[in-house]
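Visitor: In the numbering used here, the protein residues as written are 259 to 392. Using N, Cα and C, we set each Cβ at its ideal position, and we do this for glycine too. Got a structure for you, questions after.
The structure is reproduced here in structure tokens:
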């Protein structure tokens, strides 16, 4: 953390995001994944990881945008199944939530949406949240 961002490689930036995610710090994870994306915009895995961290914070529209960007990148690589999976995840985040009885339901909605996205993405989420080889 004490190193200047310019000295860190793309993999180190992404891995710092993974470590923040594993520590349960979604805002910090988002910051690291954003830096990784700035360094290597074509790295779909970092877009997925940032989308997950954003969904955990209830930033559904931003998360959906990240998943759509990752889908476009995977599509370019010929990985149409992953692209489709990401588009489905983006669509699930932008659906209007149903209100339950009592309260505004925001707390359980945030937890449910984040868990649902990770489940929907399955192995792709695991891949995105695994450290990269240096």
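How many angstroms separate the CA atom of residue 352 from the CA atom of residue 326?
Guide: Along the chain shown, read from residue 1 onward, the residue named residue 352 stands at position 94. Along the chain shown, read from residue 1 onward, the residue named residue 326 stands at position 68. Residue 352 and residue 326: Cα-Cα distance of roughly 12 Å.
Visitor: When the Cα atoms are used, what is the spatial distance from residue 309 to residue 264?
Guide: For the purposes of this step, residue 309 is taken as residue 51 along the chain shown, with counting starting at 1. For the purposes of this step, residue 264 is taken as residue 6 along the chain shown, with counting starting at 1. Distance between the alpha carbons of residue 309 and residue 264: 23 Å.
Visitor: Could you spell out the range, first to last residue, of the alpha helix (DSSP H) harbouring residue 311?
Guide: Sequence index remark: in the chain shown, residue 311 carries index 53 (1-based). That run of the alpha helix (DSSP H) goes 302 to 314.
Visitor: In the structure shown, what three-state DSSP assignment does residue 349 receive?
Guide: Taking the first residue of the chain shown as position 1, residue 349 is located at position 91. It is helical.
Visitor: So residue 301 and residue 268 are in contact, right, with Cβ under 8 Å, and what is the actual spacing, rounded?
Guide: On the chain shown, residue 301 is found 43 positions in, with the first residue counted as 1. On the chain shown, residue 268 is found 10 positions in, with the first residue counted as 1. The pair is a contact, with the Cβ atoms about 7 Å apart (cut-off 8 Å).
Visitor: For residue 296, does the count of other Cβ atoms within 10 angstroms reach 16, so buried, or fall short, so exposed?
Guide: Sequence index remark: in the chain shown, residue 296 carries index 38 (1-based). Exposed, since its Cβ has fewer than 16 Cβ neighbours within 10 Å.
Visitor: Closer than 8 Å by C-beta to residue 387: which residues in its own chain qualify, once you throw out the five before and the five after it? Chain order, please.
Guide: Within the chain shown, the letter at position 129 stands for residue 387. 276, 279, 280, 307, 310.
Visitor: Taking only the alpha-carbon atoms, compute the straight-line gap between residue 330 and residue 292 and give it to the nearest angstrom.
Guide: Locating residue 330 in the chain shown gives position 72, where the first residue counts as 1. Locating residue 292 in the chain shown gives position 34, where the first residue counts as 1. Looking at the two C-alpha atoms, the distance is approximately 18 Å.
Visitor: Residue 340 and residue 382 - do their beta-carbons sit closer together than 9 Å?
Guide: Residue numbering aside, residue 382 sits at position 124 when the chain shown is read from its first letter. Residue numbering aside, residue 340 sits at position 82 when the chain shown is read from its first letter. Cβ distance < 9 Å, so residue 382 and residue 340 count as in contact.
Visitor: Taking the C-alpha atoms as reference points, what is the distance between residue 288 and residue 324?
Guide: Counted from its first residue, the chain shown places residue 288 at position 30. Counted from its first residue, the chain shown places residue 324 at position 66. In a straight line, the C-alpha of residue 288 is about 11 Å away from that of residue 324.
Visitor: Hey, could you find the ends of the alpha helix (DSSP H) residue 327 is sitting in?
Guide: For this step, residue 327 is matched to residue 69 along the chain shown. 318 to 334 is the span of the alpha helix (DSSP H), which, as asked, contains residue 327.
Visitor: Assuming residue 297 is part of the alpha helix (DSSP H), what are its boundary residues?
Guide: Locating residue 297 in the chain shown gives position 39, where the first residue counts as 1. Start and end: 284 to 297.
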